[in-house]
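Q: Sending over a structure as structure tokens; questions will come in a sec.
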Amino acid sequence: MNREERKKRLEFLIQERKKHEIRLEKEQQVSEMLELFPEKDKVNILDESESDKIESNMTNSFPIACWGRIDWEKVSNKIILTKEDILNIPNILSNQSLDTSVPVYLIVGIYNYPLVKTSLFRILENIENIMEMGPDQWIYSPVLRYVIEFCHDEVITIGWI
613 MNREERKKRL EFLIQERKKH EIRLEKEQQV SEMLELFPEK DKVNILDESE
663 SDKIESNMTN SFPIACWGRI DWEKVSNKII LTKEDILNIP NILSNQSLDT
713 SVPVYLIVGI YNYPLVKTSL FRILENIENI MEMGPDQWIY SPVLRYVIEF
763 CHDEVITIGW I
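If you want the numbering used here, it's the 1-based position in the sequence shown plus 612.
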């Protein structure tokens with residue numbers, strides 16, 4: 613094997629190693645997401661393409677500020693809550709004629725976790741652990757066009773279109 617062939621072989625091996633590391637990281641993220649939900653058959657972990665599609669849908673539906681959170685100044689239908697109000701979220705949504713039985717998507721912060729599709733109630737049952745996964749999380753319903761933003765400063769905002 614000459615020098616050029618060795619160089620190409622080494623580049624190939626490095627590239628394969630990077631692919632393997634990315635695959636392991638994605639598997640770890642899926643595992644972490646599944647750990648949050650005891651009834652694993654009741655949650656659907658989306659692949660990267662589906663996750664990107666839902667995230668794009670949310671960012672096209674709700675204005676995003678330059679710091680990465682929803683720009684609530686530009687959303688007219690909103691309610692601001694505290695951490696103590698989490699258990700009231702289903703009632704608040706119902707009072708706005710939003711069906712809490714429709715599946716929603718969980719988007720976890722900035723760490724590129726895959727999205728989870730499940731029920732609002734399952735997410736809220738585990739919200740304490742979910743909030744520890746990163747600075748900000750969102751529960752998003754593209755069907756009913758609402759979002760719930762959980763911020764690292766313990767402010768929770770519900771907005772709908």
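The C-beta atom is built at its ideal place from N, Cα and C for all residues, glycine as well.
#1: Output yes if chain C places a C-beta closer than 8 Å to the C-beta of I768; else output no.
#2: Taking only runs of the alpha helix (DSSP H) that begin and end inside the region 627-680, which ones reach a length of at least 4 residues, in chain order?
#3: Which runs of the alpha helix (DSSP H) at least 4 residues long sit entirely within the region 691-750? Give them in chain order.
#4: Measure the alpha-carbon distance for K686 versus E651 and round it to whole angstroms.
#5: Pop quiz: Y758 and W772 are said to be a contact at Cβ under 8 Å. What is the actual Cβ separation, rounded to whole angstroms?
#6: If I measure Cβ to Cβ from I676 and keep anything under 8 Å in the same chain, skipping five residues before and after, which residues do I get?
#7: Does E685 come out as helix, strand or coil in the three-state DSSP assignment?
#8: Is it right to say Q605 is buried, meaning 16 or more other beta carbons lie within 10 angstroms of its own, or is it exposed?
#9: To the nearest angstrom, how far is it from the Cα of D765 to the Cα of E623?
#10: Are the region 627-639 and the region 712-721 in contact at 8 Å, needing three or more beta carbon pairs?
A: Let me spell this out:
#1: Absent here is chain C; the protein component of the structure consists of one chain.
#2: 660-673
#3: 701-707, 732-737, 739-743
#4: 37 Å
#5: 4 Å between Cβ atoms; contact.
#6: I682, D683
#7: For E685, the three-state secondary structure derived from DSSP is helix.
#8: In the structure displayed, the chain extends from 613 to 773; residue 605 sits before or after that span and is not available.
#9: 44 Å
#10: no
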